[in-house]
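What follows is a short report on a single structure.
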Amino acid sequence: MGKGGALSDGVVKKIMLSYMYVAIWIFLSFTVIVYNKYILDRKLYNWPFPISLTMIHMAFCSSLAFAAVRVFRLVEPAALSRRVYLSSVVPIGALYSLSLWLSNSAYIYLSVSFIQMLKALMPVAVYSIGILLKKDAYKSTTMSNMLAISVGVAIAAYGEAKYDSWGVFLQLGAVVFEATRLVMIQILLTSKGINLNPITSLYYVAPSCFLFLSIPWLIVEFPLLRQQTAAFHFDFLIFGTNCLCAFALNLAVFLLVGKTSALTMNVAGVVKDWLLIAFSWSVIKDTVTPVNLIGYGLAFMGVAYYNHSKLQALKAKETQKKPAAADEEAAKLITEREGDGKKGDSQA
């Protein structure tokens, strides 16, 4: 009874901690998205420089990560050779910079709610790129699922009241680059056995991301910023708290995935998207049409079914592992007994 009660308490504690990790991640992700929208939107804070904002984030994250690794030595750097860094980390940093740049740029042209609807295409992009790079196998059932999600997003786009083709192009580009980054992380880092925590990830990736962003920044935004130097006063409170939120979000991602799973993060992401759509409609006063909701509802069901399928596949994989582990343990015991028997015969 006592042991059963202790086990029950342990399970309840684990569930509560999982919910806490999910809540922290949703809160920080929600905050960063709304904060970036506030800064970049011409009708709000009116600082429409997404490359500059992203570079500020990367510089801030790089500085904190460098201090944690090299100054305070809170974490150990990963054992990366120059060849591995150039062939694995730098391409991921380039893809990350493009994803952040385009994603932040989309907030200038599109509503928060519509951007979340477009982000529902992420499983489609990840699966399609996984097939192209031979990381995933083609399955007709999964592809049908991806088609349903795509149709739902297309319906949502058709019903968008403030549709902007350039904004949609930017967000779809961000989805493609982010999906490619996720697949590349699996291929380049996982295959080499490289494990990076959030601090070391930022320590290696953020500087390369900053450097890649500096190229378009010099061409696109630097001339405009130079013209506005006299009129603009850098608000340390606004940009400082925005950077802190972005840094905390990176830590929360690792906490959520490390303590639960990537699948939990996907499911939590769906909840976050609905909350953002509700916030966008009720607080920011973005227009959300019935066709929007019908289309996103269809995409949502497709994403939910995809997550359910992945969960079932993981359960089946774990079920297969258990008998294999039991057989291996039984074989080990038999071998040990035979060894003991032979030893006893030799002593006799």
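200 is the number that the UniProt record's numbering gives to position 200 of the sequence shown; each next residue is one higher, with no gaps. Cβ atoms here follow ideal geometry from the backbone N, Cα and C, with glycine treated the same way. Bear in mind the structure is a predicted one, so any value in this text is a computation, not a measurement.
Three-way DSSP call (helix, strand, coil) for residue i in this model
{"i": "valine 303", "result": "helix"}
{"i": "lysine 310", "result": "helix"}
{"i": "leucine 87", "result": "The residue you asked about is not leucine; residue 87 is serine in the sequence shown. Of the three classes helix, strand and coil, the one that applies to serine 87 here is helix, per DSSP."}
{"i": "proline 77", "result": "coil"}
{"i": "histidine 233", "result": "coil"}
{"i": "phenylalanine 49", "result": "coil"}
{"i": "arginine 70", "result": "helix"}
{"i": "serine 62", "result": "helix"}
{"i": "arginine 42", "result": "coil"}
{"i": "serine 18", "result": "helix"}
{"i": "aspartate 136", "result": "coil"}
{"i": "serine 346", "result": "A caution first: serine 346 carries a pLDDT of 48, below 50, which makes its placement in the model too unreliable to give a value."}
{"i": "threonine 289", "result": "coil"}
{"i": "serine 97", "result": "helix"}
{"i": "lysine 3", "result": "Residue placement at lysine 3 is poorly supported in this model, since its pLDDT is 48, which falls under 50; the coordinates still yield a value, given next. Here lysine 3 sits in helix by DSSP."}
{"i": "threonine 260", "result": "coil"}
{"i": "valine 12", "result": "helix"}
Run of the alpha helix (DSSP H) containing residue i, from where it starts to where it stops
{"i": "valine 283", "result": "From DSSP, valine 283 is part of no alpha helix (DSSP H); its letter is neither H nor E."}
{"i": "glutamine 228", "result": "Segment: none, glutamine 228 is in no alpha helix (DSSP H) and carries neither H nor E."}
{"i": "serine 113", "result": "112-118"}
{"i": "alanine 125", "result": "122-132"}
Residue-level contact to chain D via CB, residue i, 7 angstroms cutoff
{"i": "valine 271", "result": "Considering every chain present, this structure includes no chain D. It has just one protein chain."}
Nearest-angstrom Cβ-Cβ length linking residue i and residue j, presumed shorter than 8 angstroms
{"i": "leucine 118", "j": "valine 153", "result": "6 angstroms"}
{"i": "leucine 213", "j": "serine 97", "result": "5 angstroms"}
{"i": "phenylalanine 60", "j": "cysteine 243", "result": "4 angstroms"}
{"i": "valine 151", "j": "leucine 298", "result": "7 angstroms"}
{"i": "threonine 289", "j": "alanine 161", "result": "6 angstroms"}
{"i": "serine 52", "j": "leucine 202", "result": "That pair is no contact at about 19 angstroms."}
{"i": "glutamine 171", "j": "isoleucine 115", "result": "6 angstroms"}
{"i": "tryptophan 25", "j": "valine 205", "result": "Rounded, the Cβ-Cβ distance is 19 angstroms, inconsistent with contact."}
{"i": "valine 112", "j": "valine 175", "result": "Not quite, the Cβ-Cβ distance comes to about 16 angstroms (not below 8 angstroms), so this is no contact."}
{"i": "phenylalanine 300", "j": "valine 271", "result": "Not really, about 11 angstroms apart at Cβ, beyond 8 angstroms."}
{"i": "isoleucine 149", "j": "isoleucine 294", "result": "So it is not a contact: roughly 14 angstroms between Cβ atoms."}
{"i": "leucine 314", "j": "leucine 263", "result": "7 angstroms"}
field: Sequence ranges, alpha helix (DSSP H) only - wholly within the region 140-226, length at least 4
entry: 140-158, 165-184 and 198-216
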